[in-house]
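All remarks here apply to the structure that follows.
In this note's numbering, the protein residues as written are 10 to 360.
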């Protein structure tokens with residue numbers, strides 16, 4: 010069972026285990042866990058303010074079931090409204106929300122009123138009202154939710170930084186190229202707003218493809234002859250190039266070995282075509298190519314699937330999101346902007 014740890018204000022740690030607690034954190038520690046998880050929990054700031062006011066009415070430092078005034082808030086809605094600087098109607102609405110979400114429980118009398126009975130020393134003996142025990146009972150859950158949210162925020166921030174860096178790199182490579190101006194504009198507009206992580210991943214893949222194409226072309230320019238360069242550009246970079254007939258594309262064993270040695274080493278012991286397809290599916294799963302890989306089987310023959318998989322597998326260390334990269338590659342192939350045969354040439358020249 011997973012151990013959860015919270016840090017107290019004095020630096021001490023308060024540890025507990027999901028489903029059981031060896032130590033009860035102070036009430037403000039319980040509230041802080043809820044505040045840190047407010048986004049995934051769907052809590053508004055006013056709802057948190059009402060909850061904070063209710064906690065402030067509790068008698069002890071901890072929310073505990075041994076005494077009613079340590080977990081039951083019997084303050085009136087008017088008193089809570091005064092402390093939160095909102096209307097009574099607003100308090101009623103947010104209390105209903107907290108009850109529906111399971112953050113508090115109603116412990117009401119027969120007449121529906123909240124009240125407290127005290128002994129001669131003024132101590133609360135029994136009370137009815139709103140119990141905050143769920144905050145203590147669900148504390149491990151709130152900590153985990155807050156941690157997951159923090160991880161998602163960090164992952165999103167890193168992704169956003171990667172897109173910004175990739176855009177800067179692309180701008181350096183093609184400062185005056187109008188062919189990708191639409192892509193650059195789209196990326197800049199997305200970064201100004203609060204984009205979805207999937208949108209950023211797709212844009213990063215598109216930028217990565219463009220950078221890969223440009224840098225690979227530069228490598229080809231250094232290693233190939235002028236005629237090879239012109240033929241290569243004609244096959245893979247000319248937007249007016251006609252689509253190849255995918256069913257007619259064939260790949261010889263020598264081309265396979267020369268262009269995609271990593272993939273060939275994985276498929277070397279395939280017993281037959283069926284076994285080979287299964288091994289390729291396993292590699293696609295390893296690369297996290299998603300359902301796009303399986304959708305290819307309805308459109309593309311085995312030769313193109315081998316070329317595309319080998320192309321990505323050979324470059325996997327330099328690809329941020331192989332799944333999104335695959336989508337971009339297929340879009341270029343279908344538009345005739347990238348020739349599968351040229352992908353063989355590009356890899357073999359660069360290897």
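Note that the Cβ used here is the ideal one computed from N, Cα and C, for glycine as well.
(request) Taking 7 Å as the cut-off, decide whether the C-beta atoms of residue 56 and residue 103 are in contact. (result) yes
(message) Please report the distance separating the alpha-carbon of residue 197 from that of residue 344.
(response) 25 Å
(request) Return the bridge partner residues of residue 115 from the DSSP annotation. (result) 139
(message) Buried or exposed for residue 236, going by 16 or more other Cβ atoms inside 10 Å?
(response) With a pLDDT of 43 at residue 236, under the threshold of 50, the modelled position of that residue is not reliable, and the figure given next carries that caveat. Residue 236 comes out exposed.
(request) Using 10 angstroms around the beta-carbon of residue 203, count the other beta-carbons present and answer buried if the total reaches 16, otherwise exposed. (result) exposed
(request) Select from 161, 59, 91, 214 the residue whose C-alpha is nearest the C-alpha of residue 48. (result) 161
(request) Leaving aside the five residues before and after residue 88 along the sequence, list all residues of the same chain whose C-beta is less than 8 Å from its C-beta, in chain order. (result) 66
(request) Could you say which of 54, 69, 294 lies nearest to residue 142 if we only look at CA atoms? (result) 69
(request) Would you mind sorting residue 78 into buried or exposed? The rule is 16 or more other CB atoms within 10 Å of its CB. (result) buried
(request) Identify the continuous alpha helix (DSSP H) that holds residue 92 and give its terminal residues. (result) 86–93
(request) Return helix, strand or coil for residue 81, following the three-state DSSP convention. (result) strand
(message) Considering only the alpha carbon of each residue, which of 339, 84, 266 lies closest to residue 310?
(response) 339
(message) Can you tell me whether residue 194 is buried or exposed? The criterion is at least 16 other CB atoms within 10 Å of its CB, across all chains shown.
(response) exposed
(request) Name the residue from 91, 207, 46 whose alpha carbon lies nearest to the alpha carbon of residue 150. (result) 46
(request) Take the Cβ of residue 280 as the centre, count every other Cβ of all protein chains shown within 10 Å, and call the residue buried at 16 or more, exposed below. (result) exposed
(request) Compute the beta-carbon to beta-carbon distance between residue 173 and residue 200, rounded to the nearest angstrom, for a pair I have assumed lies under 8 Å. (result) 6 Å
(request) Would you verify that the beta carbon of residue 352 is, or is not, closer than 7 Å to some beta carbon of chain D? (result) Here there is only one protein chain, and chain D is not present.
(request) Helix, strand or coil for residue 36, going by three-state DSSP, please let me know. (result) helix
(request) Could you tell me whether the Cβ atoms of residue 332 and residue 298 are closer together than 7 Å? (result) yes
(request) Label residue 80 either buried or exposed according to how many other C-beta atoms from any shown protein chain fall within 10 Å of its C-beta, with 16 as the threshold for buried. (result) buried
(request) Taking residue 177 as part of the alpha helix (DSSP H), name the residues at either end of that continuous run. (result) 148–182
(message) Classify residue 96: buried if its beta carbon has 16 or more other beta carbons within 10 angstroms, exposed otherwise.
(response) exposed
(request) Would you mind working out which of 60, 349, 322, 336 sits nearest residue 312, comparing C-alpha positions? (result) 349
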